[in-house]
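Enquirer:
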Amino acid sequence: MNSKAAFLFLLLTVMMLANEVAAQIHTKIPCRYSNQCHDPCRKITGFFSSKCMNGFCTCYR
1 MNSKAAFLFL LLTVMMLANE VAAQIHTKIP CRYSNQCHDP CRKITGFFSS
51 KCMNGFCTCY R
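The structure is reproduced here in structure tokens:
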């Protein structure tokens, strides 16, 4: 019984992490600061959620 519960918990965790990764959109839009990504990401996803990572914008849904 305990191993079944652990397997179910592991399965749900993997599904949630996979869904979170799919919500990220990596772009080739160059940036230096995260606020430079808000407008381009709003045009791509419809949301302002974005971050400047490694010199490129990453948009979140």
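In my numbering, the protein residues as written are 1 to 61. Ideal placement from N, C-alpha and C gives every residue a C-beta, glycine not left out.
#1: Is there at least one non-hydrogen atom of the ligand GTP closer than 7 Å to the beta-carbon of L10?
#2: If I measure Cβ to Cβ from K28 and keep anything under 8 Å in the same chain, skipping five residues before and after, which residues do I get?
#3: Look at C41 and C59 and say whether their C-beta atoms are less than 8 Å apart.
#4: Classify S50 as buried or exposed, calling it buried when 16 or more other Cβ atoms lie within 10 Å of its own Cβ.
#5: Taking the C-alpha atoms as reference points, what is the distance between V14 and K43?
Expert: The relevant details are as follows:
#1: No copy of the ligand GTP appears in this structure; indeed no ligand is present at all.
#2: F56
#3: yes
#4: buried
#5: 30 Å
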